[in-house]
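Trainee: If you read the protein sequences in the order shown, they are chains A and B.
Per the numbering used here, the first sequence starts with residue 1402, numbered consecutively.
Per the numbering used here, the second sequence starts with residue 1402, numbered consecutively.
Glycine is no exception: its CB is placed at the ideal position from the N, C-alpha and C atoms.
Protein chains: 2
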Amino acid sequence: MQRVVIVGGTHGNELGGIYLHKLWQTPPAEWSQLPFSVESCLANPGATQACRRYLDQDLNRSFVPTDLNNPDLAAYEAQRAKVLSARLGGADFLFDLHNTTSNMGVTLILSRPDALDDPLTRQLCSHLAQDPEVRIYFNPSPPEHSPYLPSVAQRDITVEVGPMAHGTLNASLFFKTRETIEKALAFLADWHTDKSQPAEQGLTYYHHIENVDYPRSSEGDLAGMVHPHLQSRDFEPLNPGEPLFITFSGETIAYQGSETVWPVFINEQAYYEKHFAMSLARKVTQRL
Amino acid sequence: MQRVVIVGGTHGNELGGIYLHKLWQTPPAEWSQLPFSVESCLANPGATQACRRYLDQDLNRSFVPTDLNNPDLAAYEAQRAKVLSARLGGADFLFDLHNTTSNMGVTLILSRPDALDDPLTRQLCSHLAQDPEVRIYFNPSPPEHSPYLPSVAQRDITVEVGPMAHGTLNASLFFKTRETIEKALAFLADWHTDKSQPAEQGLTYYHHIENVDYPRSSEGDLAGMVHPHLQSRDFEPLNPGEPLFITFSGETIAYQGSETVWPVFINEQAYYEKHFAMSLARKVTQRL
């Protein structure tokens, strides 16, 4: 392990990572004691300046390898993806800092199919998830199709922190994110020098099943909202027959699935345009 | 009283009023029983389409009379203000529905200097504020300088509802807003037919003192956040010496004022660009 990168501002209105980047432009003294280099990177300066998620297209959907190799793609983020891929490609570990309007605490998102089989990633996540506010969400995407920024590195974790309205800062979540990264860097240093304790007692994670759209009218307009009973209940079990949505006139729409699921990204602002009201996951606990 | 107007979407990313407008495009059957006309109006269709607060400039700062009379102002919202002023001018009562990322519950904002002396406005607010989730915020602006949309009507209340991230819906707040408007219409009908009960036992309201900016660097950049102790504590007392902000490196900045104040609009997203971290108000209770 030689090079660790911390990325903020992949989405230009998620201010937690953006202001951590500003803080870390003066590297903390402790970083110079680490047995690897650490650098902080602002991913989308144009969108950050505009305080918008993106200018032309979602940067965190712009890293599909065929797109990176297509010189004809001229959108701001398509070009930015090429620049970042060249700059960050090959980094040993990359943390990509995000915020969400969903009540997700600190969620470590793993998107490589083999992430949980990789001893370092697995041990690091297990170490961080000893904190009950930290959870692991496994949403695998084949590397040849992965659209995500952190896929350019050798290993990565997307750190999703909320609830926080985009374009705002929340001090508690800001410091919680900083603490999470500090803990991760300390663990990586111990791992690097063989001092890490493989203290894993087993691992609980949430395995992505599917995304669920809002109810819609025949014209495709929103026809309802997340039900009040479900709002802010990310990572809590949802059983068949329990309330999922409510229409604008007040009719409850129940969850029709056949198994208990654990919703995440409930009512995330940026996913309205992607037609996701939430994602459903299965809770998995692996014993050693 | 002949004409009541309910306005949504003055800001195009405040979805509560926008989806109430969609609901009310089919007027509720009860409205036809009222002794006055009720119409619902979508104020900023362009910004609503883009799901942004505004396209060119804040519509709710575009109603200064000299601007309405200036044909050279060609921004989208400058023109929209003229159209709305012609369409809505002279309405007897106007409710303008807004959402905020601040924890303000249902806040009735009064911006006419004489609003609290007007028996109808006063009695209506007193009636609605019997609900402990409903509060009155008095922020007077001289009519000749008032930039606010509802200033075009004879009487008005801005209904500010939160906390809700812009670009999202929250079902509980959606139905709470609908209930507030239904109660207000019922009260206006009773007033119109002399059936209203002047049950006012006194009135508590929050009188605007000043807006407070975030701490800033010498270059004008944000240098801190709302302190965790103050976050979401809208309408709670803030005493001299208590935490106000916290810097990115973790230093607390205390409130330096000489009197207890009641902050509102704490950490509202749209006010970052206006350089307001919050507004401070004085709590006033008038006995009859």
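Which residues in chain B sit within 8 Å of residue 1613/A, going by Cβ to Cβ distance?
Mentor: Along the first sequence, read from residue 1 onward, the residue named residue 1613/A stands at position 212. None at all; the shortest Cβ gap to chain B is about 15 Å.
Trainee: Give the secondary structure of residue 1449/B by DSSP, where H, G and I count as helix, E and B as strand, and everything else as coil.
Mentor: By 1-based counting over the second sequence, the position of residue 1449/B is 48. Three-state DSSP puts residue 1449/B in a helix.
Trainee: Where are the beta strand (DSSP E) runs, 3 residues long or more, that stay fully inside the segment 1496-1561 of chain B, in chain order?
Mentor: The qualifying runs are 1506-1511, 1535-1539.
Trainee: What ranges does the beta strand (DSSP E) occupy inside the segment 1421-1445 of chain A, keeping only unbroken runs of at least 3 residues that lie completely in it?
Mentor: Whole beta strand (DSSP E) segments, 3+ residues: 1438-1443.
Trainee: For residue 1566/A and residue 1670/B, what's the separation of their Cα atoms in angstroms?
Mentor: Taking the first residue of the first sequence as position 1, residue 1566/A is located at position 165. Taking the first residue of the second sequence as position 1, residue 1670/B is located at position 269. About 7 Å.
Trainee: What are the residues of the segment 1441-1453 of chain A that lie near chain B, defined by any Cβ-Cβ distance shorter than 9 Å?
Mentor: Here the close residues are 1452, 1453.
Trainee: Is it true that the CB of residue 1536/A sits closer than 9 Å to the CB of residue 1388/A?
Mentor: The structure shown does not extend to residue 1388/A, since chain A spans only 1402 to 1689, so no value can be given for it.
Trainee: Helix, strand or coil for residue 1621/A? Go by DSSP, reduced to three states.
Mentor: Along the first sequence, read from residue 1 onward, the residue named residue 1621/A stands at position 220. Residue 1621/A falls in the coil class under three-state DSSP.
Trainee: Using a Cβ-Cβ cutoff of less than 6 Å, which residues in the same chain neighbour residue 1432/A once the five nearest sequence positions on both sides are dropped?
Mentor: Taking the first sequence and counting its residues from 1, the one referred to as residue 1432/A is at position 31. For residue 1432/A, where only same-chain residues beyond five positions count, the Cβ hits under 6 Å are 1439.
Trainee: Between the Cα of residue 1483/A and those of 1467/A, 1497/A, 1493/A, 1666/A, spot the shortest distance and give me the residue it belongs to.
Mentor: Position 82 of the first sequence, counted from the first residue, corresponds to residue 1483/A. Ranking 1467/A, 1497/A, 1493/A, 1666/A by Cα distance to residue 1483/A puts 1467/A first.
Trainee: Could you say which of 1686/A, 1427/A, 1586/A, 1421/A lies nearest to residue 1348/A if we only look at CA atoms?
Mentor: Only positions 1402 to 1689 of chain A appear in this structure, which leaves residue 1348/A out of reach.
Trainee: Can you tell me whether residue 1454/B is helix, strand or coil according to DSSP?
Mentor: If you number the second sequence from 1, residue 1454/B lands on position 53. In this structure, residue 1454/B counts as coil in the three-state DSSP scheme.
Trainee: Under DSSP, the beta strand (DSSP E) around residue 1687/A begins and ends at which residues?
Mentor: Start at 1 with the first residue of the first sequence, and residue 1687/A comes out as number 286. Run containing residue 1687/A: 1679-1687, per the beta strand (DSSP E) assignment.
Trainee: Classify residue 1409/B as helix, strand or coil using the three-state DSSP reduction.
Mentor: Stepping through the second sequence from its first residue, residue 1409/B is reached at position 8. Strand, per DSSP.
Trainee: Could you give the residue range of the beta strand (DSSP E) that holds residue 1644/B?
Mentor: Against the second sequence, residue 1644/B aligns to sequence position 243. Element bounds for residue 1644/B: 1644-1648.
Trainee: Determine, for residue 1673/A, whether the minimum Cβ-Cβ distance to residues of chain B falls below 9 Å.
Mentor: Along the first sequence, read from residue 1 onward, the residue named residue 1673/A stands at position 272. Closer than 9 Å to some Cβ of chain B, the Cβ of residue 1673/A qualifies, so yes.
Trainee: Are the beta-carbon atoms belonging to residue 1507/B and residue 1465/B less than 9 Å from one another?
Mentor: Your numbering for residue 1507/B matches position 106 in the second sequence. Your numbering for residue 1465/B matches position 64 in the second sequence. Result no, Cβ atoms of residue 1507/B and residue 1465/B do not sit closer than 9 Å.
Trainee: Can you check whether the C-beta of residue 1622/B is within less than 9 Å of a C-beta belonging to chain A?
Mentor: Taking the first residue of the second sequence as 1, we reach residue 1622/B at position 221. At least one chain A Cβ lies under 9 Å of residue 1622/B.
Trainee: Identify whether residue 1655/A lies in helix, strand or coil by the three-state DSSP scheme.
Mentor: To locate residue 1655/A, count along the first sequence from 1; it is residue 254. Of the three classes helix, strand and coil, the one that applies to residue 1655/A here is strand, per DSSP.
Trainee: What three-state label does DSSP hand residue 1627/B in the structure shown?
Mentor: Mapped onto the second sequence, residue 1627/B falls at position 226. Strand, per DSSP.
Trainee: Compare the C-alpha of residue 1605/A against each of 1456/A, 1538/A, 1515/A and name the closest.
Mentor: Numbered from 1 along the first sequence, position 204 holds the residue referred to as residue 1605/A. Measuring from the Cα of residue 1605/A, the nearest candidate turns out to be 1538/A.
Trainee: Applying the criterion that 16 or more other CB atoms from any shown protein chain within 10 Å of the CB defines a buried residue, is residue 1650/B buried or exposed?
Mentor: Sequence index remark: in the second sequence, residue 1650/B carries index 249 (1-based). Counting Cβ neighbours within 10 Å, residue 1650/B comes out exposed, since fewer than 16 surround it.
Trainee: Between residue 1498/B and chain A, is there a C-beta pair that is closer than 9 Å?
Mentor: Against the second sequence, residue 1498/B aligns to sequence position 97. False, the Cβ-Cβ gap to chain A never drops below 9 Å.
Trainee: Taking contact to mean 3 or more Cβ pairs, one atom from each stretch, closer than 8 Å, check whether the segment 1448-1463 of chain B and the segment 1511-1522 of chain B are in contact.
Mentor: Not touching, per the Cβ criterion.
Trainee: Check whether the segment 1619-1639 of chain B and the segment 1649-1665 of chain B are in contact - that is, three or more C-beta pairs closer than 8 Å.
Mentor: Touching, per the Cβ criterion.
Trainee: Taking residue 1581/A as part of the alpha helix (DSSP H), name the residues at either end of that continuous run.
Mentor: Your numbering for residue 1581/A matches position 180 in the first sequence. Residues 1572-1593.
Trainee: Give the range of the alpha helix (DSSP H) segment to which residue 1484/A is assigned.
Mentor: Indexing the first sequence from 1 puts residue 1484/A at position 83. It spans 1477-1489 - the alpha helix (DSSP H) in which residue 1484/A sits, taken as one unbroken run.
Trainee: Of all the residues that make up the segment 1539-1558 of chain B, which are near chain A by a beta-carbon distance shorter than 7 Å?
Mentor: Residues: none.
Trainee: Would you say residue 1632/B faces chain A, with C-beta separation under 9 Å as the test?
Mentor: What you label residue 1632/B is simply residue 231 of the second sequence in a count that begins at 1. It does; some Cβ of chain A falls within 9 Å.
Trainee: Between which two residues does the beta strand (DSSP E) holding residue 1664/A run?
Mentor: Here residue 1664/A refers to the residue found at position 263 of the first sequence. Residue 1664/A -> beta strand (DSSP E) spans 1663-1665.
Trainee: Which residues does DSSP list as the beta-bridge partners of residue 1494/B?
Mentor: Sequence index remark: in the second sequence, residue 1494/B carries index 93 (1-based). Note: residue 1494/B sits in a beta bridge opposite 1405/B.
Trainee: Mark residue 1471/B as exposed unless 16 or more other C-beta atoms lie within 10 angstroms of its C-beta, in which case mark it buried.
Mentor: Position 70 of the second sequence, counted from the start, is the residue given in the question as residue 1471/B. Exposed: under 16 other Cβ atoms inside 10 Å.
Trainee: Identify which residue in 1462/B, 1574/B, 1473/B, 1418/B has its Cα closest to the Cα of residue 1446/B.
Mentor: Position 45 of the second sequence, counted from the first residue, corresponds to residue 1446/B. Nearest C-alpha to residue 1446/B: 1418/B.
Trainee: With 9 Å as the threshold, decide whether the Cβ of residue 1684/B is near any Cβ in chain A.
Mentor: The residue given as residue 1684/B occupies position 283 in the second sequence. So no, residue 1684/B is outside the interface.
Trainee: Pairs of beta-carbons, one from the segment 1408-1418 of chain A and one from the segment 1489-1505 of chain A, closer than 8 Å: are there three or more?
Mentor: Contact holds: three or more Cβ-Cβ distances are below 8 Å.
Trainee: Which of the three DSSP states is assigned to residue 1417/A in this structure?
Mentor: Locating residue 1417/A in the first sequence gives position 16, counting from the first residue. In this structure, residue 1417/A counts as helix in the three-state DSSP scheme.
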